[in-house]
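Residue numbers (numbering that gives the first Met the number 0), protein chains in the order written: chain A, 0 to 133; chain B, 0 to 133; chain C, 0 to 133; chain D, 0 to 133; chain E, 0 to 133; chain F, 0 to 133.
Protein chains: 6
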Amino acid sequence: MELTKILRFSAAHRLTSAMLSSEESDRLYGPCARDHGHNYALQATVRGTVDADGMVMDQVVLERAMQAVVDLVDHRDLTRDVPALSGVISTGENLAATFYRMIDRMLPPGRLVRVAVVETENNRFEYEARREAP
Amino acid sequence: MELTKILRFSAAHRLTSAMLSSEESDRLYGPCARDHGHNYALQATVRGTVDADGMVMDQVVLERAMQAVVDLVDHRDLTRDVPALSGVISTGENLAATFYRMIDRMLPPGRLVRVAVVETENNRFEYEARREAP
Amino acid sequence: MELTKILRFSAAHRLTSAMLSSEESDRLYGPCARDHGHNYALQATVRGTVDADGMVMDQVVLERAMQAVVDLVDHRDLTRDVPALSGVISTGENLAATFYRMIDRMLPPGRLVRVAVVETENNRFEYEARREAP
Amino acid sequence: MELTKILRFSAAHRLTSAMLSSEESDRLYGPCARDHGHNYALQATVRGTVDADGMVMDQVVLERAMQAVVDLVDHRDLTRDVPALSGVISTGENLAATFYRMIDRMLPPGRLVRVAVVETENNRFEYEARREAP
Amino acid sequence: MELTKILRFSAAHRLTSAMLSSEESDRLYGPCARDHGHNYALQATVRGTVDADGMVMDQVVLERAMQAVVDLVDHRDLTRDVPALSGVISTGENLAATFYRMIDRMLPPGRLVRVAVVETENNRFEYEARREAP
Amino acid sequence: MELTKILRFSAAHRLTSAMLSSEESDRLYGPCARDHGHNYALQATVRGTVDADGMVMDQVVLERAMQAVVDLVDHRDLTRDVPALSGVISTGENLAATFYRMIDRMLPPGRLVRVAVVETENNRFEYEARREAP
């Protein structure tokens with residue numbers, strides 16, 4: 000059984016890195032190299048067997064882990080103001096992988112299977128540990 | 000190829016069980032231990048090869064099976080008024096697993112792969128038989 | 000300028016009244032005479048001129064008034080468990096009018112113009128004081 | 000007849016003004032005083048009689064005027080990078096009023112009746128000239 | 000009090016008229032001069048005082064009138080196959096006005112106030128009789 | 000890591016084939032045998048490791064491939080006017096498989112994993128190459 004919870008946050012960001020000049024950022028990331036922002040959705044999925052109480056995991060446990068992430072990024076600039084994202088180019092891909100690791104650390108081992116970040120109604124980034132194996 | 004159909008229903012429920020006192024229910028299920036309700040979405044996915052008519056399954060066949068489930072639960076109290084859910088704590092997890100079995104029984108064998116129950120815009124429960132193996 | 004805020008809650012209800020037999024309720028309200036529930040959206044709109052801070056009203060003030068209503072009804076049975084709705088047949092119409100009066104009382108006079116209750120994605124009930132004059 | 004078109008853009012912003020200290024901004028605007036961002040929807044409504052071609056206004060004309068606004072703000076920081084918003088605290092109220100004036104200037108006189116800015120799925124700001132009279 | 004109901008239908012159409020050459024249609028309507036289609040939403044709003052049963056109008060009455068319209072257009076080509084739309088250029092504007100008249104005729108006089116047709120998530124056409132007076 | 004992009008288009012279609020009489024089409028496909036249309040969503044998912052720029056694939060590359068498909072079908076009749084769909088019964092299943100092949104050809108080999116076609120809010124068709132093996 001899989002349970003997916005969805006939380007939302009609003010954040011600013013721009014795509015660039017210390018290794019890129021302003022022109023290189025523009026060429027690589029297009030308009031996303033400029034400061035802008037999104038209403039993000041964070042989706043986390045846990046898996047397991049259903050217990051006698053009818054639950055794969057207490058939703059409060061999952062929500063608390065996700066909320067800890069949201070508290071770091073909501074109404075923040077992901078590029079400048081979030082220590083946990085320092086040095087991370089805030090593409091949807093990097094956000095999904097980073098949030099996966101943060102949430103995974105707060106849950107019982109082996110329960111989190113997937114984290115998705117929805118940036119707009121036109122794109123979605125999904126990290127699933129099982130798929131990333133070497 | 001996978002085809003997913005989505006039907007909606009509105010139902011009341013509360014989370015509790017015959018084995019729990021009212022206080023234990025409150026502690027375990029929080030506000031969900033009180034009578035409340037949802038606009039649910041029921042999503043069922045079938046898989047197969049596409050036939051000469053361009054279909055993995057006649058949508059009417061899938062819809063009829065899902066509608067039979069919806070007819071049992073729509074505009075009902077899942078905790079008190081649905082014989083098919085008698086003794087089932089109506090968590091999203093238990094609903095997804097129960098609806099899976101009900102729909103699977105009405106379809107040709109081996110075609111149903113997944114049933115999801117969406118309780119609110121913030122959570123989703125998904126049962127996939129292949130993942131539940133012993 | 001108008002500002003509309005939207006809050007959501009999940010509640011059970013059934014349509015009936017002390018003056019109706021069970022058969023009369025069934026005839027009048029159809030399936031809604033049975034216990035069921037919804038994910039409701041509550042929308043409240045205030046109007047005014049925009050102040051020097053760029054706001055028609057501090058959103059926190061409006062949200063607090065709306066939240067006070069949501070706290071009474073969220074994860075409750077509107078028909079049995081909400082004293083503020085005692086004696087009120089919980090149609091969308093009656094909910095919208097009742098919530099309007101409750102929110103209006105908590106805001107500075109003359110600011111609230113409209114309250115809408117969205118019961119499902121297929122219906123919406125809207126109360127606007129100005130339209131209800133004798 | 001009314002025609003409403005909807006365009007979307009993603010922008011960063013923070014609520015503050017030259018007249019406010021950082022502490023005053025925090026107190027007044029809460030988390031919105033920090034850099035963050037949104038996927039905005041811009042909705043513009045024109046009114047008129049339907050012509051022989053079945054249109055209240057050529058949709059291309061309305062879209063072009065709205066797109067000119069979107070081009071100024073999409074993938075930008077509304078607080079720092081948009082000359083047209085210089086000195087404007089970028090509350091939803093001020094955005095709606097400013098965008099109204101910009102779009103109105105690009106359309107035949109008397110046709111634009113309303114502009115709404117949707118900041119998140121939980122709030123909406125609507126400017127209608129007729130309501131703002133002295 | 001206002002009650003709005005929403006029904007959906009899927010239809011093909013193209014914008015053209017007997018008075019226009021193919022080139023003129025292309026110039027006037029752009030890509031909409033070609034055969035294409037939409038998942039439409041039809042929204043109808045009635046107004047009145049709330050009766051002792053808590054209703055502004057029996058929803059079944061409103062739904063039946065709207066369904067009669069949907070039955071004529073659902074899974075049809077609006078340009079070629081719907082006698083009720085013969086000679087009507089199927090712009091959103093003309094659909095909204097035509098559906099208004101059809102639904103209004105089926106309801107008690109003076110109750111219908113507004114009909115909206117949503118063609119895509121980017122446009123909406125709304126007819127309100129009161130606004131169309133000479 | 001998976002990246003999913005979503006583009007939308009509006010098209011007409013009817014389900015039938017050269018091998019079926021009009022009566023047979025009606026019996027097999029029901030109302031879908033008549034000319035009608037939809038606002039479709041096209042979803043394409045690519046998979047890979049995240050590069051030093053934080054991307055699994057340049058979104059522009061994926062979008063360009065998807066846009067090339069959309070350009071062929073948007074504001075068209077899928078049954079009559081799209082050479083690439085000639086001889087293809089335009090069921091959601093066939094569209095998903097055909098669009099998969101078209102997009103796959105335009106991307107670096109082995110990157111596209113899944114294409115979904117959403118026809119209405121009630122159904123969804125998904126093609127994943129890995130599942131279709133002989």
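Note that CB positions come from ideal geometry on N, CA and C, so glycine has one too. Small disclaimer: the values here were computed from a predicted structure and weren't measured.
Opposing strand residues paired with F:Thr119 [DSSP bridges]: As a first step, residue 119 of chain F must be located in the sixth sequence, where it is residue number 120. The partner list for F:Thr119 (beta bridge, DSSP) reads F:Asn122.
Proximity below 8 Å, CB of F:Arg110 to CB of F:Val59: The sequence position of residue 110 of chain F within the sixth sequence is 111, counting from 1. The sequence position of residue 59 of chain F within the sixth sequence is 60, counting from 1. The beta carbons of F:Arg110 and F:Val59 sit no closer together than 8 Å.
Option nearest D:Asn38 by Cα separation, candidates D:Arg130, D:Ser24, D:Glu118, D:Glu131: Here the question's residue 38 of chain D lines up with position 39 in the fourth sequence. Checked all of D:Arg130, D:Ser24, D:Glu118, D:Glu131; the closest Cα to D:Asn38 is D:Glu118.
Rounded separation between F:Val69 and B:Glu1 - CA only: Translated into the one-based positions of the sixth sequence, residue 69 of chain F becomes position 70. Translated into the one-based positions of the second sequence, residue 1 of chain B becomes position 2. Rounded to whole angstroms, F:Val69 to B:Glu1 spans 22 Å at the Cα level.
Within 8 Å, strictly: CB atoms of D:Glu150 and D:Arg113: It is not possible to answer for residue 150 of chain D, since the shown part of chain D is limited to 0 through 133.
Members of the region 39-56 of chain D that neighbour chain A once the beta carbon cut-off is set at 8 Å: none
CB contact check: E:Asp80 to chain F, cutoff 8 Å: For the purposes of this step, residue 80 of chain E is identified with residue 81 of the fifth sequence, where counting begins at 1. Chain F contact via Cβ: present.
First through last residue of the beta strand (DSSP E) which encompasses D:Leu41: The residue you call residue 41 of chain D lines up with position 42 of the fourth sequence. From DSSP, the beta strand (DSSP E) with D:Leu41 extends over 35-46.
Per-residue burial, B:Pro133 [other beta carbons within 10 Å of its own, 16 or more giving buried]: The residue given as residue 133 of chain B occupies position 134 in the second sequence. Any reading at B:Pro133 must be qualified, since the residue scores a pLDDT of 49, below 50, and its modelled position is unreliable; the value itself is stated next. Under this definition B:Pro133 is an exposed residue.
B:Arg18 burial status per 10 Å Cβ neighbour count (16 or more: buried): Position 19 of the second sequence holds residue 18 of chain B. Inspection of the sequence shows that residue 18 of chain B is occupied by Met rather than by Arg. Exposed, by the Cβ-count rule.
Exposure of C:Gly53, with buried meaning 16 or more beta-carbon neighbours within 10 Å: Taking the third sequence and counting its residues from 1, the one referred to as residue 53 of chain C is at position 54. It counts as buried.
Strand pairing of B:Thr3, partner residues [DSSP]: In the second sequence, the residue the question calls residue 3 of chain B occupies position 4. B:Thr44, F:Arg123, per the DSSP bridge assignment.
Among B:Arg79, B:His74, B:Leu61, B:Asp73, nearest to B:Arg104 - alpha-carbon criterion: Numbered from its first residue, the second sequence carries residue 104 of chain B at position 105. Considering only alpha carbons, the answer is B:Leu61.
Environment of E:Pro82 [buried if 16+ CB atoms lie within 10 Å]: Within the fifth sequence, residue 82 of chain E is the residue found at index 83, counting from 1. It counts as exposed.
Residue closest to A:Asp134, alpha-carbon to alpha-carbon, out of A:Gln42, A:Ala43, A:Ser89: There is no way to answer for residue 134 of chain A, as the model of chain A reaches only from 0 to 133.
Whether F:Met65 touches F:Lys4 by CB criterion (8 Å): Taking the sixth sequence and counting its residues from 1, one reaches residue 65 of chain F at position 66. Taking the sixth sequence and counting its residues from 1, one reaches residue 4 of chain F at position 5. Closer than 8 Å, so yes.
Residue environment, B:Arg75, which counts as buried when at least 16 other CB atoms sit within 10 Å: The count along the second sequence starts at 1 and reaches residue 75 of chain B at position 76. B:Arg75 comes out buried.
Strand pairing of B:Asn10, partner residues [DSSP]: Residue 10 of chain B sits at position 11 when you count from the first residue of the second sequence. Per the sequence shown, the amino acid found at residue 10 of chain B is Ala instead of Asn. DSSP output for B:Ala10 lists B:His37, B:Arg75 as bridge partner(s).
8 Å Cβ cutoff, C:Glu118 in contact with chain D: Taking the third sequence and counting its residues from 1, one reaches residue 118 of chain C at position 119. C:Glu118 does not count as touching chain D.
Nearest to E:Glu92 (by Cα), restricted to the options E:Arg123, E:Ser21, E:Asp80, E:Leu71: What you label residue 92 of chain E is simply residue 93 of the fifth sequence in a count that begins at 1. Nearest option by C-alpha distance: E:Arg123.
Contact set between B:Arg33 and chain C, taken where Cβ atoms lie within less than 8 Å: Position 34 of the second sequence, counted from the start, is the residue given in the question as residue 33 of chain B. The answer, in chain order, is His74, Arg75, Asp76, Asp80.
Element boundaries [alpha helix (DSSP H), containing E:Glu131]: Translated into the one-based positions of the fifth sequence, residue 131 of chain E becomes position 132. Neither: E:Glu131 is in no alpha helix (DSSP H) and is coded neither H nor E.
Coil, strand or helix - C:Val114 by DSSP: Residue mapping note: residue 114 of chain C aligns to position 115 of the third sequence, counting from 1. DSSP places C:Val114 in strand when its eight states are reduced to three.
Helix, strand or coil at E:Ala17 according to DSSP, with G and I counted as helix: Here residue 17 of chain E corresponds to residue number 18 of the fifth sequence, with the count starting at 1. Correct three-state label for E:Ala17: coil.
Within chain B, the residues that C:Ser9 reaches when beta carbons sit closer than 8 Å: Taking the third sequence and counting its residues from 1, the one referred to as residue 9 of chain C is at position 10. Chain B residues near C:Ser9: His35, Gly36, His37, Thr119.
Coil, strand or helix - F:Ser89 by DSSP: Position 90 of the sixth sequence, counting from 1, holds the residue named residue 89 of chain F. Here F:Ser89 sits in coil by DSSP.
Whether C:Ala96 touches C:Glu125 by CB criterion (8 Å): Here residue 96 of chain C corresponds to residue number 97 of the third sequence, with the count starting at 1. Here residue 125 of chain C corresponds to residue number 126 of the third sequence, with the count starting at 1. Result no, Cβ atoms of C:Ala96 and C:Glu125 do not sit closer than 8 Å.
Closer than 8 Å at the beta carbon, the chain D residues around C:Val59: By one-based count along the third sequence, residue 59 of chain C stands at place 60. Residues of chain D passing the Cβ test: Gly29.
Interface flag, B:Ile102 vs chain F, CB-CB below 8 Å: Within the second sequence, the letter at position 103 stands for residue 102 of chain B. No, because no Cβ of chain F sits closer than 8 Å to the Cβ of B:Ile102.
DSSP three-state assignment for B:Pro30, whether helix, strand or coil: Position 31 of the second sequence, counted from the first residue, corresponds to residue 30 of chain B. Helix.
Within-8 Å CB hit, A:Met0 to chain I: In the displayed structure, chain I is absent; the protein chains listed are A, B, C, D, E and F.
Cβ neighbours of C:Ala11 in the same chain (closer than 8 Å, five flanking residues each side left out): Position 12 of the third sequence, counted from the start, is the residue given in the question as residue 11 of chain C. Only Asp34, His35, Gly36, Arg75, Asp76, Leu77, Thr78 meet the Cβ criterion.
Neighbour list for E:Ile5 in chain C, Cβ cutoff strictly below 8 Å: If you number the fifth sequence from 1, residue 5 of chain E lands on position 6. The answer, in chain order, is Glu120, Asn121, Asn122, Arg123.
Whole-angstrom distance between E:Asp57 and E:Arg7, CA atom to CA atom: If you number the fifth sequence from 1, residue 7 of chain E lands on position 8. If you number the fifth sequence from 1, residue 57 of chain E lands on position 58. Near 20 Å, if we compare the C-alpha coordinates of E:Asp57 and E:Arg7.
Beta-carbon separation (whole angstroms), C:Val116 vs C:Phe98, contact threshold 8 Å: Against the third sequence, residue 116 of chain C aligns to sequence position 117. Against the third sequence, residue 98 of chain C aligns to sequence position 99. Rounded, the Cβ-Cβ distance is 7 Å, consistent with contact.
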